[in-house]
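Below: the structure, in structure tokens.
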Amino acid sequence: MKICVVGLGKIGLPLAVQYATKGHQVIGADINPQTVDLVNDGVEPFPGEAHLAGLLRQAVDAGNLRSTLDTSSAVAESDAVVVVVPLFVDDDARPDFGWMDAATTSIGAGLTAGTLVSYETTLPVGTTRDRFGPMLAELSGLVPGQDFHLIFSPERVLTGRVFADLRKYPKLVGGIDEASEARGIDFYESVLDFDERDDLPRPNGVWPMGSAEAAEMTKLAETTYRDVNIGLANQFAKFSDKANIDVYAVIEACNSQPYSHIHQPGIAVGGHCIPVYPRLYLHNDPDATIVRAAREANASMPEYAVRRLEAEFGDLSGATVAVLGAAYRGGVKETAFSGVFDVVAELRERGVKVRVHDPMFSDDELAGFGWDPYHLGEHVDAVIIQADHAAYETLLPSDLPSAKCVLDGRRSLDRGEWGCAMTVQIGQGRT
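The numbering of the sequence shown is the numbering used here, which starts it at 368 and goes up by one.
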């Protein structure tokens with residue numbers, strides 16, 4: 368089968384490689400010339416994705432994967448098209464379809480009869496059928512569900528472990544009609560393998576959802592649930608600070624029985640998923656007060672973290688504070704919606720000399736964000752741990768000399784190595 372993957376980012380490229388490893392002829396389409404050149408050379412354009420480097424090289428060397436800037440031509444010679452292009456959203460839950468519309472325009476210009484088009488980018492409910500279906504029809508002159516097949520099948524993977532997650536989680540497929548859904552099921556069964564799991568209500572594999580809208584809703588529901596859960600944990604943490612309660616002990620106890628699971632609190636929830644998809648849900652359901660409150664609670668955590676540090680340290684004006692972690696989560700070289708931006712802004716408003724450290728970013732890269740790099744071992748007055756990189760779990764007081772206070776926003780530090788006189792956790796107080 369010939370497959371075109373539109374968008375060779377941190378999800379799209381591993382998908383293209385996965386399809387190629389199953390023996391299909393894959394064309395990756397992207398608007399970035401550097402990405403296209405690197406993929407054609409068999410070189411991963413970004414670090415951190417397990418197994419990608421080796422599998423990419425094998426796929427290119429075997430002649431099963433190539434890349435192009437010409438999306439329309441790639442679509443024209445493909446039997447199936449998978450779309451993984453970013454969709455952005457503002458604070459008022461208004462989606463910005465700019466990149467998605469541009470990609471759809473290119474797809475429509477090359478679309479031929481009999482092709483399957485699968486959108487994997489998370490979308491507001493109804494977008495596949497009501498927005499992209501008519502666009503593709505107008506551009507191609509073909510009728511969705513009659514001349515070509517159209518489905519929504521959400522990506523359900525995390526960067527850094529895409530290949531493992533593709534095997535672990537059921538693949539959801541929803542079509543604009545029965546024929547489209549059936550074609551989508553056949554497609555994904557031919558490009559994916561699944562781990563056996565006895566904890567699921569039905570065998571792991573490709574699961575039909577009955578409609579594109581049901582598949583769209585499922586993706587929004589599972590990510591919005593996590594945001595609400597984390598917002599609840601952050602509310603518990605703030606109260607625990609006031610009441611001198613160890614919220615981590617409370618959460619651990621709650622999670623010991625099967626009817627509740629509470630995430631750990633943290634400075635902020637970043638990435639392309641958790642801060643964004645609840646806003647897409649709010650676009651469909653603006654009266655969802657619980658969702659809105661959780662999003663506001665999570666967005667407020669960087670400010671709360673700085674106020675918590677200020678309460679322990681005292682006046683921060685003129686102090687040098689190191690923020691450890693630019694990434695939105697540990698082990699990922701990605702700053703999308705990372706709490707670091709708001710933490711740095713809050714510190715600077717207080718007259719702080721801010722420096723930023725991240726083991727995955729070079730000094731030049733950190734400087735490119737407008738930050739002064741920090742190196743472990745250099746003088747610092749206070750520290751905020753913003754990302755849960757594994758390297759921070761082994762930090763010693765000697766790595767942060769002269770620091771009077773360390774706010775461990777990710778519960779990273781080894782409690783046995785740090786004295787309670789200098790370390791603070793959100794929701795736990797002094798340790």
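Beta carbons: idealized from backbone N, C-alpha and C, even for Gly.
- The C-alpha of Val-614 lies about 22 Å from the C-alpha of Ile-657.
- Here the segment 468 to 480 makes contact with the segment 504 to 519; the two share three or more CB pairs at distances below 8 Å.
- If you ignore the 5 residues before and after Ile-597, its C-beta comes within less than 8 Å of the C-beta of His-630, Pro-632, Gly-633, Val-636, Ile-641, Ala-661 and Asn-665, all in its own chain and listed in chain order.
- Non-local C-beta neighbours of Leu-436 in its own chain, meaning closer than 6 Å and more than five positions away in sequence, comprise Val-403, ordered along the chain.
- Proximity of the segment 440 to 455 to the segment 486 to 506 meets the contact definition, three or more beta-carbon pairs being nearer than 8 Å.
- For the segment 374 to 436, the continuous alpha helix (DSSP H) assignments of 4+ residues that do not extend past its boundaries occur at 379 to 388, 400 to 407 and 419 to 428, in sequence order.
- Membership of Tyr-615 in any beta strand (DSSP E) is not indicated; the residue belongs instead to the alpha helix (DSSP H) covering 614 to 621.
- Between Ala-754 and Cys-772 the beta-carbon gap is near 19 Å, outside 8 Å, which marks them as no contact.
- Shown here for Arg-722: same chain residues with a beta carbon closer than 6 Å to its own, the five before and five after excluded, namely Ala-689, Asp-739 and Tyr-741 in chain order.
- Rounded to the nearest angstrom, the Cβ distance from Val-373 to Ile-474 is 6 Å, consistent with a contact under 8 Å.
- Comparing C-alpha distances from Met-584 to each of Asp-652, Cys-621, His-756 and Leu-559 shows the shortest one belongs to Asp-652.
- The closest CA to that of Gly-527, considering only Pro-414, Gly-744, Gln-385 and Val-719, is found on Pro-414.
- Around the beta carbon of Glu-444, fewer than 16 other beta carbons sit within 10 angstroms, so the residue counts as exposed.
- Under the criterion of beta carbons closer than 8 Å, Ile-543 and Gly-512 qualify as touching, at roughly 5 Å.
- DSSP places Thr-790 in the strand class (E or B) of the three-state scheme.
- Inter-residue distance for Lys-586 and Glu-732 is about 33 Å (C-alpha atoms, whole angstroms).
- Leaving aside the five residues that flank Ala-447 on each side, the residues in its chain whose CB is nearer than 6 Å to its CB run, in chain order, Ile-370, Leu-483 and Phe-554.
- In its chain, beyond the 5 residues on either side, Arg-534, Asn-571 and Gly-572 have a beta carbon closer than 7 Å to the beta carbon of Phe-561.
- In this structure, Glu-784 lies near Leu-763, with their beta-carbon atoms less than 8 Å apart.
- Between Val-524 and Ile-378, the alpha-carbon positions lie close to 8 Å from each other.
- Beyond the five residues adjoining it in sequence on each side, Met-467 comes within less than 7 Å, by CB distance, of Val-452, Leu-454 and Thr-488 in the same chain, given in chain order.
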